[in-house]
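First residue of the sequence shown? That's 3 in my numbering, and the numbers climb one at a time after it. To start, the structure itself, in C-alpha cells.
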Amino acid sequence: MPKLFRFSFLYIIIGLSLVVTVNATPVFINEIHYDNAGSDLNEGVEIAGPANTDLSGWQLVLYNGGNGQPYSTISLAGIFSDLMSGFGVLSFAYSGIQNGSPDGVALVDSTNQLIQFLSYEGVIEANSGVAAGQRSIDILVQEPANTLVGSSLQLSGVGSAYEDFQWGASLPESFGAINSEQRFSSGEEAAPVPTVPIPSSIMLWLFALLMPLSGGRSRQLSSLPTLPS
Numbered sequence: 003m004p005k006l007f008r009f010s011f012l013y014i015i016i017g018l019s020l021v022v023t024v025n026a027t028p029v030f031i032n033e034i035h036y037d038n039a040g041s042d043l044n045e046g047v048e049i050a051g052p053a054n055t056d057l058s059g060w061q062l063v064l065y066n067g068g069n070g071q072p073y074s075t076i077s078l079a080g081i082f083s084d085l086m087s088g089f090g091v092l093s094f095a096y097s098g099i100q101n102g103s104p105d106g107v108a109l110v111d112s113t114n115q116l117i118q119f120l121s122y123e124g125v126i127e128a129n130s131g132v133a134a135g136q137r138s139i140d141i142l143v144q145e146p147a148n149t150l151v152g153s154s155l156q157l158s159g160v161g162s163a164y165e166d167f168q169w170g171a172s173l174p175e176s177f178g179a180i181n182s183e184q185r186f187s188s189g190e191e192a193a194p195v196p197t198v199p200i201p202s203s204i205m206l207w208l209f210a211l212l213m214p215l216s217g218g219r220s221r222q223l224s225s226l227p228t229l230p231s
C-alpha cells in the first residue's frame, strides 16, 4: 500500500482523536438599559468578570445599526471587587444610548481586541471601527418604548463566563450589583467546558484498519473489520 495512503489514515486518526472545546468569555456585558417610557433615565452598561481584573484601557464602542458605524465610545476603568465566588461587576452610566431597531455595543480590551459585539432589536453588520466586518449577536430581548423607568435587560443563570448565562426580559435594574437572577460559581463549582469526544468504537475500527496498512500489506475491502454499532 503506498506510504501516502497510509499517512492519510494516520492523519485522520490524529484529527479524530482531538476534541472540540467551547471558548469562554470571562469578561462580558452583563446588563444594559437604553429605553424607557418618557425621557430615558439612568441609561448604562454593566460589565462582569473575575475579581481583581483591571478594566483600565478597555472600551465600550456604541454602534448605530442604521449605518454600521460607531457613534460613541465609553472609556472604562476600575477593578472588579469580589462580590460573589470570585466575580464582580462594574457599571458605566451613559446618557444617549440609541434605542434600537437595531443598535449595539462592542466590548474592547486594553489591546484593542474585540471581545464582544452585541446588539438589540436586530443584527448589525459593522462597517468601520473595531468591529468592522463583523456581525453582531442579537441578545433577542429588548426594551420597548413603554418600558418601566428603573428597568434593565440582564443576564441570568449560573456560571462563570458569558456563555453560561441567558438574556431575559426587563427586570428592576441592578447596576453595580449581581443581577437578581444570576449566580456566579467559582472555577471549582463551575461545570466543565463541554467537549465532543470521538466514540471509542470508531477509534478502534480505524486503528484496526491502519495496523495492516502500516506493515505494507494490502487487503480487500471485503475483509475490512466491521464497524461496531
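All C-beta atoms, glycine included, are put in the ideal place defined by N, C-alpha and C.
Original post:
Is the beta carbon of V107 sitting closer than 8 Å to the one on I180?
Top reply: No, the Cβ-Cβ distance between V107 and I180 is not below 8 Å.
Subject >> Continuous beta strand (DSSP E) stretch holding Y73: start and end >> reply: Per DSSP, Y73 is one residue of the beta strand (DSSP E) stretching across 71-77.
Original post:
Do Y73 and L64 have their CB atoms nearer than 8 Å?
Top reply: Yes, the Cβ-Cβ distance between Y73 and L64 is below 8 Å.
**OP:** Could you check what DSSP says for D56 in three-state terms: helix, strand or coil?
**Re:** The answer is strand: DSSP assigns D56 an E or B state.
Subject >> 6 Å CB neighbourhood of L170 in its chain, flanking five on each side removed >> reply: According to the sequence as given, residue 170 is Gly; it is not Leu. Answer for G170: S158, listed in chain order.
Subject >> Supposed close pair N101, D37 - CB separation, criterion 8 Å >> reply: Between N101 and D37 the beta-carbon gap is near 5 Å, inside 8 Å, which marks them as a contact.
Subject >> E183 in three-state terms, based on DSSP >> reply: Correct three-state label for E183: coil.
Subject >> Inter-residue spacing [alpha-carbon to alpha-carbon] between Y151 and A39 >> reply: The question names Tyr, yet the displayed sequence has Val at residue 151. If you take the alpha carbons of V151 and A39, they lie about 7 Å apart.
Original post:
Among all the DSSP beta bridges, which residues are the ones paired with I38?
Top reply: At residue 38 the sequence reads Asn, which differs from the Ile that was named. Paired residues: none, contrary to the question.
**OP:** Measure the beta-carbon distance from V132 to P104 and round it to whole angstroms, keeping in mind my assumption that it falls under 8 Å.
**Re:** About 18 Å separates the Cβ atoms of V132 and P104, ruling out a contact at the 8 Å cut-off.
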